[in-house]
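Our numbering numbers the first residue of the sequence shown as 2 and each following residue consecutively.
Remarks on the structure that follows.
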Amino acid sequence: MKDAELERGIIPAGTRIKLFEGCVTLVENVVVNADQEWIDKAILDQEDYFNGVGVTSEPKL
């Protein structure tokens with residue numbers, strides 16, 4: 002059986018990523034085993050959320 006080639010994508014430096022209860026900002030580009038289209042869509046969705054795009058109410062505290 003041949004090794005399957007994994008799709009790789011890049012999460013660009015400066016991207017904010019939510020991890021559990023906090024956020025981190027990448028200081029360097031990060032290569033990941035994921036399709037670049039999926040990464041781009043996930044980043045856009047997260048930016049929209051942070052900017053209130055499509056959010057209809059404030060989260061409960």
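Every residue, glycine too, gets a C-beta built ideally from N, C-alpha and C.
The alpha-carbon separation between Glu8 and Thr57 amounts to approximately 35 Å. For Leu45, the enclosing alpha helix (DSSP H) has its first and last residue at 37-51.
Following the DSSP letters along the chain, one finds Val32 inside the beta strand (DSSP E) bounded by residues 31-33. By the CB criterion at 8 Å, Ile44 and Thr26 fall outside the cutoff. Per DSSP, Gly55 lies in no beta strand (DSSP E) and is assigned neither H nor E.
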